[in-house]
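Undergrad: Taking this note's numbering, I'd label the letters of the sequence shown as residues 98 to 179. Handing you a structure now.
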Amino acid sequence: MNAERGRLVSGGRLQIPARVRRELGLKDGDAVVMRTVEGELRLRPLRDVVAEVQARLRRYVPEGVSLSDELIADRRAEAERE
């Protein structure tokens with residue numbers, strides 16, 4: 098475990114050390130997900146969390162099926178009924 102010292106600055110902003118940002122692949126403006134677990138702050142890039150959820154859900158979608166295409170088709174059909 099590599100410990101780094103960060104700093105909480107005005108407005109509740111958390112300064113994340115450059116080494117940690119590099120290790121996580123974070124750039125200015127990137128979205129992150131934060132949660133507390135047993136008194137610790139855990140931070141992950143949002144893109145990693147989204148990729149993990151997509152991977153978990155992928156096993157429920159049959160091969161060759163595009164959920165986004167199905168959603169678009171459903172929306173178009175719904176719009177035609179209006």
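Backbone N, C-alpha and C define an ideal beta-carbon position, used for all residues, glycine too. On a predicted model such as this, the values are computed, not experimentally measured, just so you know.
1. Measuring straight from C-alpha to C-alpha, what distance separates Arg144 and Arg132?
2. Go to Glu137, then tell me how far its beta strand (DSSP E) extends in each direction, as first and last residue.
3. Under the three-state reduction of DSSP, which class applies to Leu105: helix, strand or coil?
4. List the endpoints of the continuous alpha helix (DSSP H) containing Val158.
5. Could you give the first and the last residue of the continuous alpha helix (DSSP H) run that contains Leu121?
6. Given this structure, state the Cα-to-Cα distance separating Val146 from Arg156, to the nearest angstrom.
7. Nearest CA to the CA of Arg141: which residue from Arg178, Leu121, Asp125, Asp166?
TA: Taking the geometry as given:
1. 15 Å
2. 137 to 142
3. strand
4. Taken as a continuous stretch (DSSP letters only), Val158 belongs to no alpha helix (DSSP H), as it is neither H nor E.
5. 115 to 121
6. 17 Å
7. Leu121
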